[in-house]
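Peer 1: One structure, pasted below without further comment.
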Amino acid sequence: MVTQRLLLIFFMLLFPFAESFAQGKLKSWTEKNDSLKKQAFAEGRPWLSPIIAPAYTADAGFLVSGGMLYSFKVNKKDTVSQRSTLPATIFYSTQGNFGISTFLKTFWLEDKFRFDANLNIRDKDNNYYGKGFKQIDNTHLSDTTTLYHETNSSLEIDFVYKIKPSVFVGLTLKPGYASTKNFAPPVENDPYRSRFADKYFLNGIGGQFAYDTRDIVVNAWRGMYLNLSALFYDNTIGSKYDFQVYELDTRYYQTLNRPGNVLAFRFYIRSSYGDVPITELSDFSGGKNLRGYLLGHYRDNTTAFVLSEWRYTFKKRDNSLSKNGMVVWLGAGSIAPDVVSLTKWVPNGGVGYRLELQPRMNVCVDFGVGRDSKGVYFNFTEIF
């Protein structure tokens, strides 16, 4: 509890003092760095921004995250494509949890082709409350009721091609490996979990259709995004289990009275069918979804969540945009066996601080609250 309060105090103090600190002893260095950065962007050269930050989540405890935001132009002469980005983070927590995440987004051939790759590696203690609201609500968190250890890795690769303005189609490949062990007795004997091996390799292949009018993919101020995707896991391509995953992801962005004052909305559905192991069940929690909920707490075949987020960049005295901003969000999430059964929803909300590391590319520190949990999250670029 003390750790959470200290982190919250640290988080709150960032708001009033971040800019004044930069204007103090670091003012000269900041101005020089900004000048070099501006020149690099104008010339299409790459730029690297490293950072270290603390965080806290109820499932991982206190943790330290280190990472970088690397941006570049695939072709310096290409004036149509956005800058490609590679945010990467590594963390270690007081509970011994370890993780690595990278999210590569690249733009080629005047944005006619996009190549994305997401790598996630986790070695952590996790908790399995069951499958579905009824079982989950009757299961209490403890080392003897929900705990198990999980090691998993996954690589998602997207090849996306523009077939007409703002319309894209693509191919997705997603291999992964999971190892689970050290189960608490109720988890060990759970009827659903017991259907699956403790270790398994998964391999999925699928397709996607997208409509994208966002001005900047990693931090949109206007436009919309619609993505429909299907992913198929089958033993004929080396997957231990056969199942399918269908996703609908819709996002909308509206600038209000000025640049940097934005309303962002997201509605997301993920539904899985077949022999779906517990590590692949749909779940609305985590730093990229409903911040504040324990990762893996709410699992079922289908999940949906909605988010509404206000993003505000502060101004300098000369009325130009500063590097500091804030966000406030409200949302709700649900799980069920299928889409038509999504009737029970749980609330979510939070506030966040934004520091621009590169033009329109932020480091994000968020404090999120769920129905019965909360956490502080550290991310590069906006979560949607």
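Note that the sequence shown covers residues 1 to 384 in full-length UniProt numbering.
No residue lacks a Cβ here, since even glycine has one placed at the ideal position from N, Cα and C.
Rounded to whole angstroms, what is the Cα-Cα separation between E31 and K38?
Peer 2: 10 Å
Peer 1: Below 8 Å between beta carbons: does that hold for R291 and Y253?
Peer 2: no
Peer 1: Residue 399 by DSSP, collapsed to three states: which one?
Peer 2: The structure shown does not extend to residue 399, since the chain is modelled only from 1 to 384, so the question has no answer here.
Peer 1: Taking D34 as part of the alpha helix (DSSP H), name the residues at either end of that continuous run.
Peer 2: Looking at the DSSP string, the run of the alpha helix (DSSP H) that includes D34 is K27 to A42.
Peer 1: Is the distance from the Cβ of G352 to the Cβ of V369 below 8 Å?
Peer 2: no
Peer 1: Could you check if Y56 is buried or exposed, using at least 16 other CB atoms within 10 Å of its CB as the buried criterion?
Peer 2: buried
Peer 1: Restricting to Cα atoms, I'd like to know which of I335, I157 and G96 is closest to G176.
Peer 2: I157
Peer 1: DSSP on A22, reduced to helix/strand/coil?
Peer 2: Low per-residue confidence applies at A22: pLDDT is 49, beneath 50, and the placement is therefore not dependable enough to give any value.
Peer 1: I'd like the list of long-range same chain contacts for F107, defined as Cβ closer than 7 Å, with 5 residues on each side in sequence excluded.
Peer 2: V74, S81, Q82, S84 and R114
Peer 1: Given that a residue counts as buried once 16 or more other Cβ atoms are within 10 Å of its Cβ, and exposed if not, what is K174?
Peer 2: buried
Peer 1: Give the DSSP-derived three-state secondary structure of S194 in the structure shown.
Peer 2: The three-state reading of DSSP puts S194 in helix, counting H, G and I together.
Peer 1: Going by DSSP, name the residue or residues bridged to T85.
Peer 2: S71 and K105
Peer 1: Do N301 and Y268 have their C-beta atoms closer together than 8 Å?
Peer 2: For N301 and Y268, no; Cβs fall outside 8 Å.
Peer 1: Which residue marks the beginning of the alpha helix (DSSP H) containing I269, and which one marks its end?
Peer 2: Counting along the chain, I269 falls outside any alpha helix (DSSP H), though it belongs to the beta strand (DSSP E) covering N261 to G274.
Peer 1: Sort out for me which residues DSSP pairs T255 with in a bridge.
Peer 2: V262
Peer 1: Can you tell me whether DSSP reads V218 as helix, strand or coil?
Peer 2: coil
Peer 1: Provide the residue(s) that pair with A230 in DSSP beta bridges, ordered along the chain.
Peer 2: G207 and Y246
Peer 1: Where does the unbroken alpha helix (DSSP H) through K134 begin, and where does it stop?
Peer 2: F133 to D137
Peer 1: Could you tell me which residues DSSP puts in a beta bridge with P50?
Peer 2: Looking at the DSSP assignment, P50 forms a beta bridge with M68.
Peer 1: Which value, in whole angstroms, describes the spacing of the CA atoms of K131 and I163?
Peer 2: 40 Å
Peer 1: Drop a sphere of 10 angstroms on the beta-carbon of H297, count the other beta-carbons inside from all chains shown, and report buried for 16 or more, exposed for fewer.
Peer 2: buried
Peer 1: Does I278 pass the burial test, meaning 16 or more other C-beta atoms within 10 Å, or should it be called exposed?
Peer 2: buried
Peer 1: DSSP on G368, reduced to helix/strand/coil?
Peer 2: strand
Peer 1: For T146, which three-state DSSP category applies?
Peer 2: In the structure shown, the three-state DSSP call for T146 is coil.
Peer 1: Give the DSSP-derived three-state secondary structure of I278 in the structure shown.
Peer 2: helix
Peer 1: Give me the Cα-Cα distance between N203 and I383, rounded to the nearest whole angstrom.
Peer 2: 26 Å
Peer 1: Give the secondary structure of V334 by DSSP, where H, G and I count as helix, E and B as strand, and everything else as coil.
Peer 2: Residue identity differs from the one stated: residue 334 is Ser in this sequence, not Val. In the structure shown, S334 sits in a strand (DSSP, three-state: E or B).
Peer 1: Assign E43 to one of two classes, buried (16 or more other C-beta atoms within 10 Å of its C-beta) or exposed (fewer than that).
Peer 2: exposed
Peer 1: Less than 8 Å between the beta carbons of L231 and F209, yes or no?
Peer 2: no
Peer 1: Could you work out which residue in G61, L263, F201 and V262 is closest to D242 when comparing CA atoms only?
Peer 2: Nearest of G61, L263, F201 and V262 to D242, Cα basis: F201.
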